[in-house]
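Reading through the structure tokens given below for one structure.
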Amino acid sequence: MIHNIKALTASSYMSMFFLGVSATLVGAVAQNIGLTPFQIGLLITAQNVGFTVSVLVSGALSDSTDKPKILLGGSLILGAAFFTFYLTGLFWLNLLIMFLIGVGIGTYEGVTDAMLLEIHVARQSLHINVNHFFVTFGSIMIAVYLTFLEVNWRNALVQSGLVVLLLALFFGLARLPNHRRQTEPYLARLKILTRNRTVIVLFIATALAVGVEAGSIGIVSTFLANLRGFTEFAANMGLIVFLMGIASGRLLVGFFSKNEQVVQTTLASFGLAGLVFLGLFVLDFGALTYGAVYLAGLSMSALIPLMITLAGLLFPHLAGTVLGAVKVAIPIGGIVTPFLMSLLAEQFSLQAALLLFPLSFFVGFGLLFATIRHLKTVDAPAATGA
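Just so you know, we're using my numbering here: the sequence shown kicks off at 36 and counts up by one.
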């Protein structure tokens, strides 16, 4: 049996790497398969429905069950889904497979952070930041792998499935007894969502940020090809540039953000991202388009880590419950925004649908700004809903 902390940490990072691969899968292969904007939106939605179910179930189980056992189940599901994605052209069947991919990566999202918090007494924040950096790293690598190495996307998925099954083997051998068993019912712990205005605002703002990230990753190459006249290769390069913006921004946040400036930094990030995305989708930057795409990724990169950090700082005595509640917003945002984008693209145009992204950032900014004084003065009694 495996009990080594370094091995468990590395397995967490590798799991989140494949979460990133899966999150970018549709965007990376959309041009190769010939997916329409409508189909892209539906596939991303199906993935995030599975993600939602899995986060809720795995998050609840992680408080009472050996975490590697949960990760074993998620890895087996994800590996099988990688092997079968688009083996057939039946769209409804591939929607189901995308749902299963969501279930697999939802297990990673729901369990790995909790596992790292348990096995690392010191420098927990650093390990959580690195864990989520690997999501973006995975997104970049799948795009680079398919674009520069000109590897057939089907072969890339088979190779990914084999590595995920090796992860499953590791989790099958690993043991991490749960010493923090939670006896309070999971639904009771989630009641904080309906009792505290701040948590509701954090939930909505997180959902908006996640929704734009998921939708942007899925549609940016199609945007560049259809509305800016890029070739297939150049459009896929644009996706890589966008992901590089997200990756570099998250590293900057991890090393330079300060707790006392989280509220101001979060507000500034929402406002800046809204302006940058509006400019990207409305203006034609010509030869500078890649620069605009990079700035778009950079401008929104900090939002999800900032929202998670903000939730933990505002509710230190209920950090686990509040972080769990806020994380539910991740799949919700990944469902709602891409689905709305899909409908707008079908009913109006891709250009009109893309305006949903800057609008989401401006709404998030407005909600946080309206709550800014409460966020600055929240204390332990307020945090408990008293």
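For each residue, glycine too, the CB sits at the ideal point set by N, CA and C.
Considering only the beta carbon of each residue, do residue i and residue j sit closer than 8 Å?
i: Ser22; j: Ala364; result: Given a span of 36 to 421 for the chain in the structure shown, any question on residue 22 remains unanswerable.
i: Gly55; j: Ser174; result: yes
i: Gly280; j: Ile79; result: no
i: Ile154; j: Ile239; result: no
i: Leu345; j: Thr406; result: no
i: Ile167; j: Pro373; result: Before going on, a small fix: residue 167 reads as His here, not Ile. Cβ distance not < 8 Å, so His167 and Pro373 don't count as in contact.
i: Leu204; j: Gln386; result: no
i: Leu338; j: Phe316; result: no
i: Leu202; j: Ser50; result: yes
i: Thr44; j: Leu130; result: no
i: Phe126; j: Gln194; result: no
i: Gly85; j: Val138; result: yes
i: Pro72; j: Thr257; result: yes
i: Thr59; j: Ile177; result: yes
i: Ala149; j: Ser97; result: yes
i: Ala249; j: Leu259; result: no
How would you label residue i, buried or exposed, when you count the other beta carbons within 10 angstroms and need 16 or more for buried?
i: Ala322; result: exposed
i: Gly109; result: buried
i: Gly264; result: exposed
i: Gly253; result: buried
i: Glu267; result: exposed
i: Phe53; result: buried
i: Asn231; result: buried
i: Gly69; result: exposed
i: Ser377; result: buried
i: Leu403; result: buried
i: Gly284; result: buried
Thinking residue i and residue j are a contact (beta carbons under 8 Å), I'd like their distance in whole angstroms, please.
i: Val255; j: Gly62; result: 7 Å
i: Phe120; j: Leu211; result: The pair is not a contact, with the Cβ atoms about 30 Å apart (cut-off 8 Å).
i: Trp188; j: Asn83; result: At roughly 21 Å, the Cβ-Cβ gap does not stay under 8 Å, so Trp188 and Asn83 are not in contact.
i: Val297; j: Leu348; result: 6 Å
i: Pro103; j: Phe206; result: 4 Å
i: Ile140; j: Ser57; result: 5 Å
Exercise for review: Please confirm if the stretch 393 to 404 is in contact with the stretch 108 to 115, defined as three or more CB-CB distances below 8 Å between the two stretches.
Suggested key: no
Exercise for review: Give a yes or no on contact between the stretch 134 to 144 and the stretch 83 to 101, applying the rule of three or more CB pairs nearer than 8 Å.
Suggested key: yes
Review point. Any contact of the stretch 271 to 281 with the stretch 323 to 332, i.e. 3+ C-beta pairs under 8 Å?
Key: yes
Practice item. Indicate whether the contact test is met: 3 or more Cβ pairs, each with one atom in the stretch 244 to 251 and one in the stretch 123 to 138, closer than 8 Å. Key: no
Point to revise | Segments assigned alpha helix (DSSP H), at least 4 residues, entirely inside the stretch 224 to 289 | key: 227 to 230 and 232 to 262
Check your understanding: Quick one: complete beta strand (DSSP E) runs, 3+ long, within the stretch 120 to 205?
Key -> none
Review point. Taking the runs of the beta strand (DSSP E) that are 3 residues or longer, which of them lie wholly in the stretch 91 to 121?
Key: none
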